[in-house]
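Before any comments, here is the structure.
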Amino acid sequence: MSKKFRSTALMPYLFVAPFVVSFVVFVVYPLGQSVVLAFMQTNGPKTRQFVGLDNFSWLFTQDPDFWKSVLNIILYTAGSMLIQLPASLGLALLLNRKDIKARGFWRMIFFAPILVGLVFVAIIFGLLFAPNNGLINDALYQATLMFDRVIPFYPDGWVFDREFRWTAEYAMPAMIIASFWMYVGFNMIYFLAALQNVSKDLMEAAEVDGAGPWQRFLNVTVPAIRPVGTFVVLLSFIGSVQLFELPYLLVGPDGGPGKKGLTPVMHLFSKGFDAGDLGYASAIGWLIAVVLFGVALLQKKLSNPGTD
Amino acid sequence: MRKKWWTPVAIYVPLAAFALVTLVPFAYLMFSAFKTKEAFFSGPFWPVEEDGGWWAVDWSGFTFTNFTRLWSEVKIGEASFMRAVLNSFFFASVMSVVGTLGAAMGGYGLAMFKFKGREFITTVVLGALVIPGALLIAPGYFLLFQLGLLDSYAGLILPGVAPAFGVYLFRQAFISSLPHEMMEAGRIDGCGEWRMFFQMGLPMVKPMVGAFVLITYLGTWTNFIGPQIIIQTPEKYPLAVAVAQLRGPFSIEYGMIMAGTLVAIGPVLALFLLLQKDFIAGLTAGAVKG
Numbered sequence: 001m002s003k004k005f006r007s008t009a010l011m012p013y014l015f016v017a018p019f020v021v022s023f024v025v026f027v028v029y030p031l032g033q034s035v036v037l038a039f040m041q042t043n044g045p046k047t048r049q050f051v052g053l054d055n056f057s058w059l060f061t062q063d064p065d066f067w068k069s070v071l072n073i074i075l076y077t078a079g080s081m082l083i084q085l086p087a088s089l090g091l092a093l094l095l096n097r098k099d100i101k102a103r104g105f106w107r108m109i110f111f112a113p114i115l116v117g118l119v120f121v122a123i124i125f126g127l128l129f130a131p132n133n134g135l136i137n138d139a140l141y142q143a144t145l146m147f148d149r150v151i152p153f154y155p156d157g158w159v160f161d162r163e164f165r166w167t168a169e170y171a172m173p174a175m176i177i178a179s180f181w182m183y184v185g186f187n188m189i190y191f192l193a194a195l196q197n198v199s200k201d202l203m204e205a206a207e208v209d210g211a212g213p214w215q216r217f218l219n220v221t222v223p224a225i226r227p228v229g230t231f232v233v234l235l236s237f238i239g240s241v242q243l244f245e246l247p248y249l250l251v252g253p254d255g256g257p258g259k260k261g262l263t264p265v266m267h268l269f270s271k272g273f274d275a276g277d278l279g280y281a282s283a284i285g286w287l288i289a290v291v292l293f294g295v296a297l298l299q300k301k302l303s304n305p306g307t308d
Numbered sequence: 001m002r003k004k005w006w007t008p009v010a011i012y013v014p015l016a017a018f019a020l021v022t023l024v025p026f027a028y029l030m031f032s033a034f035k036t037k038e039a040f041f042s043g044p045f046w047p048v049e050e051d052g053g054w055w056a057v058d059w060s061g062f063t064f065t066n067f068t069r070l071w072s073e074v075k076i077g078e079a080s081f082m083r084a085v086l087n088s089f090f091f092a093s094v095m096s097v098v099g100t101l102g103a104a105m106g107g108y109g110l111a112m113f114k115f116k117g118r119e120f121i122t123t124v125v126l127g128a129l130v131i132p133g134a135l136l137i138a139p140g141y142f143l144l145f146q147l148g149l150l151d152s153y154a155g156l157i158l159p160g161v162a163p164a165f166g167v168y169l170f171r172q173a174f175i176s177s178l179p180h181e182m183m184e185a186g187r188i189d190g191c192g193e194w195r196m197f198f199q200m201g202l203p204m205v206k207p208m209v210g211a212f213v214l215i216t217y218l219g220t221w222t223n224f225i226g227p228q229i230i231i232q233t234p235e236k237y238p239l240a241v242a243v244a245q246l247r248g249p250f251s252i253e254y255g256m257i258m259a260g261t262l263v264a265i266g267p268v269l270a271l272f273l274l275l276q277k278d279f280i281a282g283l284t285a286g287a288v289k290g
């Protein structure tokens, strides 16, 4: 009896041990370290020196590249979310119709891009957007030529100049397009799952009461999918703010000409690994984290508790 | 309500248009991987025959040489391209088996036992979900340096032995599909805890096991920033890093880069076609009942 009792008393701890041990070693300890590192200047992992708040004051006052990267990521996040999420919801609404044929087939096609992974998306779109001969670039060039023919007074370089270079000047639109391609179907799946839980009785009641499609959407659908909606918004926000692979491979590790493609995580990466200052990189990491924690808290407040 | 004639048009035209947009990059990838160096820029997708009009296919512009050269000529460090493929298979397989087992154990422990500290650990699991990856990049590298695990697969694998996200998913799965009464009955019959976990627990949450293996496999397969930071010897590069490297010395050879990309994502796409229901369930798991 006593032996058996002891073994079951210890058992639960054995089951959670892999999580607890790996979490303490690879998350708690590094987090603690990064607090210390944020007040250090390092040269590679071997030499470090305490510098107080210098990293932060440098970051806020002396580092124009960092602020450029912040501006870039704000543009990217706003741009990608404003286009992607309504499109995802729109596709989900279409696919959620009762009379839709081959729902699985459409779902499969729209979902497939997420499997490619950001690295390979960056490589493929890198060629599609190639400055002089990429497919998208070519198509746009042909379009401007055609536009020229149709509208003779079309001013040269009004929308795109003739030496159209996505990868530098238009890095952000290119990335917004690439991530749209990759994520729109993924987000759609979440919306679709949420839409399938919308109460049919409520919908029919609203219809009987004479509510039009738009009113039904606003008063029945939107409240019902709100929890999933806020989740998707939060998920895309977290992903967007930490964007790295796409610009790193699309415009190069330095963010390209004019740093038009530099993001905060790329800046962190270059300071930490190219310049070897893990302390400064940790300071940047904490700034990013504080913003994301803030938004996560806000999201928690906004989505009503108890509905999910 | 009577249907208007244009309803199907309003539904299927946008769907088809969007499907086309989605498929264009895939088509571009497929065609490009089989184009010769000379034919690469003749025609957006397939090589176009001169004076043959826009649609006429120039069959001589297709080739397998991108693939054969990928295996024979490309060097990732000292090793051949095959090495990067094997690295990726090894890395993703180990990671998905170990990570799924660790996560399932954690979820099972939290869901099926009452013990001191359970509430606390559950809170920690939930809290861990909001820690941004960017915050751990620099100190994580520093820790691996201290542990002497830089440039090793152990350094890539060990941090993922029991991911919080997985522990959370498995906890939910066990709570909703494994009744405590069954556990009690098993215990009374003298079944050991490990045997119960493997023979009763895991089979009950089989869909979640499959889904999580897939998520982890895919995540590891396409992980770039981790190996980019931790792995320093080119021979140890997984495909994600190796294919990105192809763009350097072979930057003129677009066909070869596309061949490498196709080799890298082909297996994942094939797996998806086979298991697409599980895949979608897996990648969205935890969201709907989040």
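Chains as they are written, first to last, in full-length UniProt numbering: chain A, 1 to 308; chain B, 1 to 290. Where a beta carbon is used, it is the ideal one built from N, C-alpha and C, also for glycine. Please read all numbers here as calculations on a predicted model, not as lab measurements.
P179 (chain B) does not reach chain A, its nearest Cβ partner there being about 18 Å away, counting only Cβ pairs nearer than 9 Å.
Of B:D58, B:G107, B:F115 and B:G61, the smallest CA-CA separation from M208 (chain B) is found for B:G107. Among the residues of the segment 57 to 72 of chain A, none has a Cβ less than 8 Å away from any Cβ of chain B. Bounds of the alpha helix (DSSP H) holding F111 (chain A) are R103 to F111. Residue contact with chain A for L126 (chain B): absent (no Cβ-Cβ distance below 9 Å to any residue of chain A). Y237 (chain B) places its beta carbon less than 9 Å from that of I76 (chain B). At least one C-beta of chain A is nearer than 9 Å to the C-beta of Y254 (chain B). The segment 113 to 121 of chain B makes no contact with the segment 251 to 268 of chain A: fewer than 3 CB pairs, one atom from each, lie closer than 8 Å.
In the structure shown, the three-state DSSP call for R97 (chain A) is coil.
Membership of N223 (chain B) in any beta strand (DSSP E) is not indicated, and neither H nor E is assigned to it by DSSP.
Between F62 (chain B) and K35 (chain B), the CB-CB gap stays under 9 Å.
Exposed is the label assigned to K301 (chain A), since fewer than 16 other Cβ atoms lie within 10 Å of its Cβ. The beta carbon of P264 (chain A) sits closer than 9 Å to some beta carbon of chain B. Beta-bridge analysis with DSSP links M40 (chain A) to A:F50.
Scanning its chain for C-beta atoms nearer than 6 Å, with the 5 sequence neighbours on each side dropped, one finds around V184 (chain A) the residues Q84, A87 and S88, in chain order. Chain order gives no chain B residues near D54 (chain A), where near means a beta carbon separation below 8 Å; the closest approach is about 16 Å. Across the structure, L250 (chain A) and G248 (chain B) are spaced so that their CA atoms are roughly 13 Å apart.
Within the same chain, V228 come within 8 Å of A193 (chain A) by CB-CB distance, once the 5 residues on both sides are set aside. Residues of chain A with a Cβ closer than 8 Å to the Cβ of W221 (chain B) are, in chain order, G117. In the DSSP assignment, K260 (chain A) falls outside any alpha helix (DSSP H), carrying neither H nor E. In the three-state scheme derived from DSSP, where H, G and I count as helix and E and B as strand, V98 (chain B) is classed as helix. For L218 (chain B), the closest C-alpha among the options B:F91, B:Y153, B:M196 and B:G148 is that of B:F91. Residue burial is scored here from C-beta neighbours: L82 (chain A) has fewer than 16 other C-beta atoms within 10 angstroms and is therefore classed as exposed.
Taken through DSSP and simplified to helix, strand or coil, K114 (chain B) comes out as coil. Excluding the 5 residues flanking it on each side, V268 (chain B) has same chain C-beta neighbours closer than 7 Å at L218 and W221, in chain order.
With 16 or more neighbouring CB atoms inside 10 Å of its own CB, W181 (chain A) falls in the buried class. In its own chain, leaving out the 5 sequence neighbours on each side, no residue places its CB closer than 6 Å to the CB of A134 (chain B).
The distance from the Cβ of N187 (chain A) to that of S240 (chain A) is about 12 Å, inconsistent with a contact at the 8 Å cut-off.
Leaving aside the five residues that flank L59 (chain A) on each side, the residues in its chain whose CB is nearer than 8 Å to its CB run, in chain order, F66, Y280, A283, I284 and L287.
Where P213 (chain A) is concerned, the enclosing alpha helix (DSSP H) starts and stops at P213 to R216. At least one beta carbon of chain A lies nearer than 9 Å to the beta carbon of G140 (chain B). Residue environment analysis places D201 (chain A) among the exposed positions, since fewer than 16 neighbouring C-beta atoms fall within 10 angstroms of its C-beta. Between the beta-carbon of F170 (chain B) and that of V205 (chain B) there is about 7 Å, and that keeps the pair under the 8 Å contact cut. The beta-carbon of Y153 (chain B) is placed no less than 9 Å from the nearest beta-carbon of chain A.
With a cutoff of 9 Å on beta-carbon distance, T22 (chain B) and A296 (chain A) are scored as not near each other.
Short of 6 Å from the beta carbon of A242 (chain B), and not among the five residues preceding or following it, lie these beta carbons of its own chain, in chain order: I76 and A84.
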